[in-house]
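In the numbering used here, the protein residues as written are 2 to 479.
Listed below in structure tokens is the structure:
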């Protein structure tokens, strides 16, 4: 039996498992690092920026954007590297970069130092956001892929809610050093997660493609034994083997195929405009309050309510467990995009009027964070990790996420000029409206993926013309 047939068998054996087949400690180790990534990406920076004494508003916008510019080489470079050398070593590298960047930001004494370490941190976060989801997707049975992806997603959005709250209390209670403590906490957690990540195995798909059959067989057997023990059963159903013929080729040759190119373009547009509004909001909303003239106790109240409102993300992540395996990902992104538009307009109204901050916090928490952020992000991450073949999965996700972060880098730079030119409510509407259109485009470019094996979404139904002709073709043994 050749390596290709072995992989077909292994994937079928994994797909029939009734539960997660590896240790839950590993699942939470990946999720814990996701916690750190989102804590630092959207949890603490927005609260910290108004309290950093050596930067001005334009520099605050630039710091916010620099991290996003760092996401691009981090996501593209590290994503491609993961397709070449493996998921595991790059997962270790991404969290190391995040920890080093966070530590450097905590110790920064001037704008250039803060900018350099923010870029390093951004490179680590950019690689980690897509690779963690790819890693979980490749280990999870098709019928439970959304569920286990939601567990690491849940870890991240706990970070957004709890992390934002902690950061808000730190910076308002200890204005002189609270911002350093917020970054320092991320660094400590990052180095702890680095230790946990060293225990992660390489994915079965990658091991087989590199001819490391004994390692792959050992992992599959452990998964089967672990899953049967948890499910309290003594045998598993017969695996449904789907056979494919393919040859190793460059990931970019695969992505150039018209089917995958269409998916790539649709997801890049979606992530560009989602990040355009989301990072503008997450990184500059607190500074926006300062820009509007909030000061003293009123400004502290503004920051605290914003931090508490982020718990809406956490609440939605728990709620998603009930229906993530039953609802089309594209439906979730469409609902979430409308949440972004309505939520930012309502929140901007309350903030600009400088009254009813509780109303502002509710609109942020329930509409923007819960519906907008909670729905769009998990659905988008899942689609990006499901829409490309194994040989190009990490690279495809990296391109969609990496180029998408250009939107996150551009959005913050435009916010204050837009407010000056059009007023706050119109400015926030301009930032949020394009993501509604981007979500509609997904219906025309990305397939339905709920409950379908990754190979059936990609390899089984198409053929790709590469350097040596047809390289992927699928058939099923009934």
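In this text, a Cβ means the ideal position worked out from N, Cα and C, and glycines have one as well.
C-alpha distance - residue 479 paired with residue 204, whole-angstrom precision:
Residue placement at residue 479 cannot be trusted, given a pLDDT of 35 that sits under 50; the coordinates are not used to answer.
Below 8 Å CB to CB, which residues in the same chain sit around residue 385 once its five sequence neighbours on both sides are set aside?
Around residue 385: 131, 134, 268, 272, 397, 398, 401 and 402.
Any chance you could list the alpha helix (DSSP H) runs of at least 4 consecutive residues sitting entirely within the region 356–414, in chain order?
358–363 and 375–387
Through-space distance from residue 146 to residue 291, alpha-carbon basis
42 Å
For the alpha helix (DSSP H) containing residue 200, list its first residue and its last residue.
Where residue 200 is concerned, there is no enclosing alpha helix (DSSP H), given that its DSSP letter is neither H nor E.
One question on the structure: do residue 65 and residue 322 come within less than 8 Å of each other, judged by their Cβ atoms?
no
Does DSSP put residue 110 in a helix, in a strand, or in coil?
coil
Residue 280 beta carbon less than 8 Å from that of residue 409
yes
By Cβ distance below 7 Å, which residues in the same chain neighbour residue 20 in space, the five residues on each side in sequence not counted?
228, 231 and 232
Identify, in the order they occur along the chain, each residue of the same chain with its Cβ nearer than 7 Å to the Cβ of residue 371, setting aside the five sequence neighbours on each side.
Answer for residue 371: 313, 314, 316 and 317, listed in chain order.
Option nearest residue 155 by Cα separation, candidates 360, 452 and 37
37
Taking all protein chains shown into account, decide if residue 177 is buried (16 or more other Cβ within 10 angstroms of its Cβ) or exposed.
It is exposed - the Cβ of residue 177 has fewer than 16 other Cβ atoms within 10 Å.
Own chain, CB closer than 6 Å to residue 70, minus 5 neighbours either side, in chain order:
Within the same chain, 410 come within 6 Å of residue 70 by CB-CB distance, once the 5 residues on both sides are set aside.
Terminal residues of the continuous alpha helix (DSSP H) containing residue 444?
If you look at residue 444, you'll find it in the alpha helix (DSSP H) that goes 425–446.
Is any beta-carbon of chain D found at less than 8 Å from that of residue 152?
Absent here is chain D; the protein component of the structure consists of one chain.
Just to check my reading of the structure: residue 121 and residue 102 have Cβ atoms closer than 8 Å, yes? What is that Cβ distance to the nearest angstrom?
4 Å
Residue 58 lies in the alpha helix (DSSP H); which residues open and close that run?
Here the alpha helix (DSSP H) through residue 58 covers 58–86.
Inter-residue spacing [alpha-carbon to alpha-carbon] between residue 16 and residue 329:
20 Å
From residue 189 to residue 53, what distance separates their C-alpha atoms?
20 Å
Could you spell out the range, first to last residue, of the alpha helix (DSSP H) harbouring residue 298?
The continuous alpha helix (DSSP H) containing residue 298 extends over residues 297–310.
Grouping DSSP H, G and I as helix and E and B as strand, with all else coil, what is residue 51?
Three-state DSSP puts residue 51 in a helix.
Helix, strand or coil, according to DSSP, for residue 23 in the structure here?
Residue 23 sits in coil when the DSSP states are folded into three classes, being neither helix nor strand.
Under 8 Å: do the region 165–174 and the region 298–307 share three or more Cβ pairs, one atom per stretch?
Judged by Cβ distances under 8 Å, the region 165–174 makes contact with the region 298–307, as three or more pairs qualify.
Quick one: using the 10 Å Cβ neighbour count with 16 as the cut-off for buried, is residue 460 buried or exposed?
Per the 10 Å Cβ criterion, buried.
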